[in-house]
Amino acid sequence: MTGMPGAARRRWAAFGAGAALMIAGGARAADPFEFEWTQLDKGVWAGVRPISYNSPPTGNALIVIGKKGVFLFDPAGTPLVGERVAAKVAELTSLPVTHIAISHWHGDHSMGMHKVLEKYPDAEIIAHEFTARAILSPLNAFTPPTDEENRTTRERIETALKTGKRSNGEPVAPQMRPYYENILEHFDLVNAEIRGLKPATPTKTFAEAYTVNLGGRQVELRHMGPGNTNGDIIAYLPKEKILATGDVVVRPTPYGFYSHPRSWASVLGQLRTLPTTAIAPGHGEILRDAAYLDLLIDALTFVADEVDRLAAEGKSLDEVRAGLDWTQIEPRFTGGDPLLALFFDGWFKTPIVEAQYKIAKGGDSEDLDPPPAD
Ligand SMILES: [Zn+2]
Numbered sequence: 313m314t315g316m317p318g319a320a321r322r323r324w325a326a327f328g329a330g331a332a333l334m335i336a337g338g339a340r341a342a343d344p345f346e347f348e349w350t351q352l353d354k355g356v357w358a359g360v361r362p363i364s365y366n367s368p369p370t371g372n373a374l375i376v377i378g379k380k381g382v383f384l385f386d387p388a389g390t391p392l393v394g395e396r397v398a399a400k401v402a403e404l405t406s407l408p409v410t411h412i413a414i415s416h417w418h419g420d421h422s423m424g425m426h427k428v429l430e431k432y433p434d435a436e437i438i439a440h441e442f443t444a445r446a447i448l449s450p451l452n453a454f455t456p457p458t459d460e461e462n463r464t465t466r467e468r469i470e471t472a473l474k475t476g477k478r479s480n481g482e483p484v485a486p487q488m489r490p491y492y493e494n495i496l497e498h499f500d501l502v503n504a505e506i507r508g509l510k511p512a513t514p515t516k517t518f519a520e521a522y523t524v525n526l527g528g529r530q531v532e533l534r535h536m537g538p539g540n541t542n543g544d545i546i547a548y549l550p551k552e553k554i555l556a557t558g559d560v561v562v563r564p565t566p567y568g569f570y571s572h573p574r575s576w577a578s579v580l581g582q583l584r585t586l587p588t589t590a591i592a593p594g595h596g597e598i599l600r601d602a603a604y605l606d607l608l609i610d611a612l613t614f615v616a617d618e619v620d621r622l623a624a625e626g627k628s629l630d631e632v633r634a635g636l637d638w639t640q641i642e643p644r645f646t647g648g649d650p651l652l653a654l655f656f657d658g659w660f661k662t663p664i665v666e667a668q669y670k671i672a673k674g675g676d677s678e679d680l681d682p683p684p685a686d
């Protein structure tokens, strides 16, 4: 990963090497880039990657077909996803993709979009103005793992499965085996996909709200404040009462990296007021009610309040981590599953406490031009 700035390297390490330490399971033989498609209304389809926590993370996609054109929300995390989403659109309609919106800057939602644009080159690409800046920032710089790093990762997983112990000496719980096995099964495909990633280039940006008219059907794009990132947008179909959230809502484990916990809770509170029959999260299964949003609000409020309180007492980041009592929150996400506990620790607790601690100290949890960490 030579050349990768510290922050991007850490983020990748969290998903990649963390995943490598662990690994991924599927009841299905499908590769990690295959969606299951659900029709949410006539001409409205959600593509959901089954077992959302499998490696690598790949954001869900939404297709909305109007009388004049087609809208995509979070088109594709990798090239293969892009090819498949474009093929799905072509299967559903002869109308072209006219608008694509990107929920936020994290590449697992848009770095395969170039494959959609090969088929639909005239689509307008819409994002929040912060997202457009973040895509070009050092925080988003990324270098694929080297062959040597891949070899090490693969060996570490093979050893963990063979010995029943992870590299840190912890046991490989039975729940972890399918996760690791899935990584090994698709290792070369995933690696090829990672090498084909390209940053998306928005052609239209906005600050608060933007409406896409597809002919007989409207998609409202809104930014409700900083949340998972500074530039999150959601897509809402008021007539159909369908909401797509990007990573403001992720199941079963939210991603806490560089986030804005208190404001994020407020964004979720605003989403709670929208009438919905279906909520498509950034990752994970479709929601039919707001119970999970309430759980997220509880978790984010807990983090914001408790980290602020401990930081105000002059505690260090490590002391804050040690001082947090997660017993009212964590089991509601993990149900005691050791694999989910590992994700909850690596993808939520660790990064979000760091983010809130930075904010509590008057800093920026999402510095686009971070100082080198190494
Ligand atoms: Zn994501």
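Per our numbering, residue 313 is the first one in the sequence shown, and the count goes up by one each step.
Where is the CB? At the ideal position from N, CA and C, for every residue including glycine.
Straight through space, the alpha carbons of MET425 and HIS498 are spaced by roughly 21 Å. Around the beta carbon of ALA556, 16 or more other beta carbons sit within 10 angstroms, so the residue counts as buried. For the pair of segments examined, the segment 593 to 601 was found not to touch the segment 640 to 651: the number of CB pairs separated by less than 8 Å stays below three.
Within the segment 555 to 601, the runs of alpha helix (DSSP H) at least 4 residues long that lie entirely inside it are, in chain order, 573 to 584. For ASP386, no alpha helix (DSSP H) encloses it, and the DSSP letter there is neither H nor E. The straight-line gap separating the alpha-carbon atoms of ILE375 and ALA634 is approximately 44 Å. Near ligand 1, residues with a Cβ at less than 6 Å from any of the ligand's heavy atoms are PRO369, GLY371, HIS418, ASP420, HIS421, ASP559, GLY594, HIS595; the list follows chain order.
Taking C-beta separations shorter than 7 Å and ignoring five residues to either side along the sequence, the partners of THR515 in its chain run GLU436, ILE437, following chain order.
Counting only residues of its own chain and dropping the five nearest sequence neighbours on each side, ALA653 has a CB closer than 6 Å to the CB of THR646. The straight-line gap separating the alpha-carbon atoms of PHE569 and ASP386 is approximately 19 Å. Counting C-beta atoms within 10 angstroms of its own C-beta, ARG529 has 16 or more neighbours from the protein chains shown and is therefore classed as buried. Secondary structure in the segment 433 to 507: the alpha helix (DSSP H) runs of 4 residues or longer, each lying completely within the stretch, are 441 to 447, 459 to 475, 489 to 497, 499 to 507 in chain order. Excluding five sequence positions before and after LYS553, the CB atoms of its chain that fall closer than 6 Å to its own CB belong to PRO587, THR588, THR589, given in chain order.
Between the C-alpha atoms of ILE377 and ASP601 there is a straight-line separation of about 24 Å. For the pair LYS380 and ALA402, the Cα-to-Cα distance works out to about 14 Å. For ASP610, no beta strand (DSSP E) segment is defined; the enclosing uninterrupted segment is the alpha helix (DSSP H) at 603 to 624. For GLN668, the three-state secondary structure derived from DSSP is helix.
The Cβ atoms of LEU651 and ALA472 lie no closer than 8 Å to each other.
Restricting attention to ASP459, SER367, ARG396, the CA atom closest to the CA of LEU496 is found in SER367. According to the DSSP assignment, GLU532 belongs to no alpha helix (DSSP H) but to the beta strand (DSSP E) extending over 530 to 534.
For PHE383, the closest C-alpha among the options ILE363, LEU407, GLU395 is that of LEU407. In this structure, the alpha-carbon of LEU404 lies about 28 Å from that of ALA504.
For the pair ILE609 and GLY419, the Cα-to-Cα distance works out to about 25 Å. VAL615 and PRO433 have their alpha carbons spaced roughly 43 Å apart. Separation of LYS670 and VAL632 (C-alpha to C-alpha, rounded to the nearest whole angstrom) is 12 Å. Contact between HIS440 and GLY543 holds: CB atoms are separated by about 4 Å, below the 8 Å threshold. As DSSP reads the structure, ASN525 sits in a beta bridge with GLN530. The bridge partners DSSP lists for PHE518 are HIS440.
Counting along the chain, ALA512 sits inside no alpha helix (DSSP H), nor does DSSP assign it H or E at all. Excluding residues up to 5 positions away in sequence, VAL632, VAL665, GLN668, TYR669, ALA672 lie with their Cβ nearer than 7 Å to the Cβ of VAL619 in the same chain.
With a contact defined as Cβ atoms closer than 8 Å, PRO450 and ASP681 qualify at about 5 Å. In this structure ASP559 is buried. Its beta-carbon is surrounded by 16 or more other beta-carbon atoms within 10 angstroms.
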